[in-house]
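Report on one structure; see the data block that follows.
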Amino acid sequence: MLALEKGTGKHEIDFNPYPVSDNSVFFMRPGQVHQLVLKAGSSGFLMEFKTDFYHPHDKLSNQVLRKASNVNHYSFDDPRFKKLHALLTYISQEYIEKQENYAEVIKANLGIFLIELVRQNNSKPSNNLNSYAQERLEELLELLESQISNHKQVATYAGLLNLSPYQLNAITRETLGKTCSELINEHIILEAKRYLLATSDQINQIAYHLGYEDVSYFIRFFRKHTGFSPEAFRHNFR
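Its first residue numbered 0, the sequence shown is counted upward by one per residue in numbering that gives the first Met the number 0.
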């Protein structure tokens, strides 16, 4: 998580460009790839934590973490960013001083920080989606992150969410304007791009990691959806 009180430059996360500006927050999940260029004079906080550090067991806190982490870029006005700045200053102080139960204090303040991120996203005028559909979409996106190498069928994800394929497609159409199949394909391509640019693995290794035993099929699939072969994509965009 990168919170910038002052900032200019450019930031690309999972091949999507985002503006770098004052009072902005970037939130990245494990596995995402990014390229950040910050110009001199930028200031703020950079915080990294592992899943086992902040892993809430109650349903509400888990929903907050999922909602916050599904958005990569936030922009705040001065008053709301000052609240975040105060929380991050407190977290930083606790981490430096390491007094008794400091980790619990950090977790508590991190929870408040995540709630502020969710509030900011919910305050956007365009965010008037059906809350049930939005929550199921977030659950689907979480499953795609962890299961895409093993499962690529709409029916499988529908079953994992206790929905019918028709219901799941209705949710993805309402929230994103896409079928679930389109969303699955996009995620396969995104994961392939991550491996092509962030690792030196051979194409057959990447295909195997993504659950494809037929490397030729994987290459054709990648070319169909990107216009490039995996090798060409790695050469042109690395």
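Positions of the beta carbon are idealized from the N, C-alpha and C atoms, including for glycine.
Segment limits, alpha helix (DSSP H) that includes residue i
| i | result |
| --- | --- |
| Y73 | Careful: Y73 lies outside any alpha helix (DSSP H), inside the beta strand (DSSP E) at 72-74. |
| H150 | Taken as a continuous stretch (DSSP letters only), H150 belongs to no alpha helix (DSSP H), as it is neither H nor E. |
| H54 | Counting along the chain, H54 falls outside any alpha helix (DSSP H), and DSSP gives it neither H nor E. |
| S267 | The displayed coordinates of the chain run from 0 to 237. Any statement about residue 267 would go beyond what the structure contains. |
| Y211 | Segment: none, Y211 is in no alpha helix (DSSP H) and carries neither H nor E. |
Pairwise C-alpha distance: residue j and residue i
| i | j | result |
| --- | --- | --- |
| R79 | T88 | 15 Å |
| Q98 | I105 | 11 Å |
| L209 | H186 | 11 Å |
| N184 | L109 | 33 Å |
| I90 | E103 | 10 Å |
| N161 | A154 | 10 Å |
| K5 | G43 | 7 Å |
| V36 | S20 | 12 Å |
| E144 | D76 | 31 Å |
| I147 | S163 | 19 Å |
| Y216 | V63 | 39 Å |
| N69 | A107 | 20 Å |
| A206 | E212 | 7 Å |
Per-residue burial, residue i [other beta carbons within 10 Å of its own, 16 or more giving buried]
| i | result |
| --- | --- |
| H56 | exposed |
| P18 | exposed |
| Y156 | buried |
| F232 | buried |
| L83 | buried |
| H10 | buried |
| Q152 | exposed |
Cutoff 8 Å; reference residue i; Cβ partners in own chain excluding five residues on either side
| i | result |
| --- | --- |
| S228 | I218, F221, R222 |
| L136 | I170, T171, T174, L175 |
Residue interval of the beta strand (DSSP E) (run including residue i)
| i | result |
| --- | --- |
| E190 | Premise fails: E190 lies in the alpha helix (DSSP H), 179-197, not in any beta strand (DSSP E). |
| N15 | 15-19 |
| Q34 | 33-37 |
| L136 | That residue, L136, is in no beta strand (DSSP E); its alpha helix (DSSP H) goes 130-146. |
| S23 | 23-25 |
| H10 | 8-12 |
DSSP three-state assignment for residue i, whether helix, strand or coil
| i | result |
| --- | --- |
| G176 | coil |
| G110 | helix |
| H234 | helix |
| K81 | helix |
| S41 | coil |
| E93 | helix |
| L3 | strand |
| K49 | coil |
| P29 | coil |
| Q204 | helix |
| S163 | coil |
Cβ neighbours of residue i in the same chain (closer than 6 Å, five flanking residues each side left out)
| i | result |
| --- | --- |
| M46 | M0 |
| S23 | L3, S74 |
| Q119 | Y73 |
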